[in-house]
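Beneath this line is the structure, given in structure tokens, with notes to follow.
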Amino acid sequence: MTSLKAGDKAPNFSALDQDGNTISLEDYKGKKLVVFFYPKASTPGCTAEACNLKDNYQTFQSQGYEILGVSADSAKRQQNFKNKYELPYPLLADEDKKVIEAFGVWGPKKFMGKEYDGIHRTTFVIDENGVLSEVITKVKTKEHAAQIL
1276 MTSLKAGDKA PNFSALDQDG NTISLEDYKG KKLVVFFYPK ASTPGCTAEA
1326 CNLKDNYQTF QSQGYEILGV SADSAKRQQN FKNKYELPYP LLADEDKKVI
1376 EAFGVWGPKK FMGKEYDGIH RTTFVIDENG VLSEVITKVK TKEHAAQIL
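Residue numbers (my numbering): 1276 to 1424.
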């Protein structure tokens, strides 16, 4: 789906998180960043993925990674998701899909025989210099941290 690949410069982005704070790529300069895009907060697959990353958060931190979740959900829905599952990282409420489209993860999907446009579950690992070190398109929601670390 996305045309971005390892070695490409990460798209510059700026969006509001669940608390209305502006978060941009610039905030993570000099740090490794995992940006995971998910279709909808509080759905089974997205919850499994977000909680798997949460359960391994200390390991990510010890290896110098920050984590950022992104979906097209409202800030309120993101805040409920973050609070309910005690997620230790920010969630961007990308309702206008600017970040989603910058990373190229919006497009046609099929579910139960229906075709519609939505977010393709994709994770981007960005190095300290803002370059993509990995693009994961086949995300295993229950073992996602192991795919990254």
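Think of the CB as a built atom: it goes at the ideal place given N, C-alpha and C, for glycine as much as any other residue.
query, result
"Would you say S1289 and S1278 are within 8 Å of each other, going by their C-beta atoms?", "no"
"Taking the beta strand (DSSP E) that D1402 falls in, what are its first and last residues?", "Run containing D1402: none; DSSP gives neither H nor E here."
"Where K1372 and F1399 are concerned, what is the direct C-alpha to C-alpha distance, given to the nearest angstrom?", "16 Å"
"Would you tell me roughly how many angstroms separate the C-alpha atoms of L1367 and V1310, rounded to the nearest one?", "10 Å"
"Quick check on DSSP: helix, strand or coil for E1324?", "helix"
"Is the beta carbon of I1394 closer than 8 Å to that of S1349?", "no"
"Do G1388 and A1285 have their beta-carbon atoms positioned less than 8 Å apart in this structure?", "no"
"Which whole-angstrom value describes the C-beta separation of A1420 and L1308, a residue pair presumed to lie in contact below a C-beta threshold of 8 Å?", "Actually they are not in contact, since the Cβ atoms of A1420 and L1308 sit about 15 Å apart, beyond 8 Å."
"Going by the CB atoms, is the gap between G1379 and D1392 shorter than 8 Å?", "no"
"In three-state terms, what does DSSP make of K1304?", "coil"
"Start and end of the beta strand (DSSP E) containing F1386?", "W1381 to F1386"
"Beta carbon of Q1338, beta carbon of L1407: below 8 Å?", "no"
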